[in-house]
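Chemist: One structure is given below, represented as structure tokens, and several questions about it will come after.
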Amino acid sequence: MTGTTRSSQGLDDRRKRLLFRCWHRGTREMDLILGRFADSEIGTLAESELAELELLLEIPDPDFYAAVTGARPLPPEQAGALFARIKAFRAVDAD
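Just so you know, we're using the working numbering here: the sequence shown kicks off at 1073 and counts up by one.
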């Protein structure tokens, strides 16, 4: 079981791949953070945001988790608007 609550039906191939990748990171914590964000937002992300998400998914889990939790910042070139949305979504989701 992946934990996803969203079907990939109706998504284009790129969004399907990203949804899968968000739920299959390698650590359960990152699966839950990115997977829940993707469940909620993948259908409405603009092409530029999809590209940004693809780049964010290249960041190793320990580094991404540290950045999302505020323990360590991402380099400025990686800490764009989509990362801020993921971080804010995580804060809301945690409540």
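Positions of the beta carbon are idealized from the N, C-alpha and C atoms, including for glycine.
Here the structure is a predicted model, which is why all the values come from computation and not from measurement.
Output the distance between the C-alpha atoms of residue 1159 and residue 1139, rounded to the nearest integer angstrom.
Modeler: Distance between the alpha carbons of residue 1159 and residue 1139 is about 8 angstroms.
Chemist: So the candidates are 1097, 1146, 1143 and 1088; which of them puts its Cα closest to the Cα of residue 1116?
Modeler: Checking every option, the nearest Cα to that of residue 1116 belongs to 1088.
Chemist: Cα separation between residue 1090 and residue 1144?
Modeler: So the alpha carbons of these two residues sit roughly 25 angstroms apart.
Chemist: Considering only the alpha carbon of each residue, which of 1121, 1081, 1105 and 1141 lies closest to residue 1153?
Modeler: If we check each option's Cα against that of residue 1153, 1121 comes out closest.
Chemist: Please classify residue 1098 as buried or exposed, where buried requires at least 16 other C-beta atoms within 10 Å of its C-beta.
Modeler: The residue in question, residue 1098, is exposed, as its Cβ has fewer than 16 Cβ neighbours within 10 Å.
Chemist: With the cut-off set at 9 angstroms, would you say residue 1094 and residue 1106 are in Cβ contact?
Modeler: For residue 1094 and residue 1106, yes; Cβs fall inside 9 angstroms.
Chemist: So for residue 1097, helix, strand or coil by DSSP?
Modeler: Residue 1097: coil per DSSP, three-state reduction.
Chemist: Taking the straight line between their C-alpha atoms, what separation do you get for residue 1123 and residue 1114?
Modeler: Cα to Cα, residue 1123 sits roughly 12 angstroms from residue 1114.
Chemist: So, residue 1085 versus residue 1096, is the Cβ gap smaller than 9 angstroms?
Modeler: Cβ atoms of residue 1085 and residue 1096: not closer than 9 angstroms.
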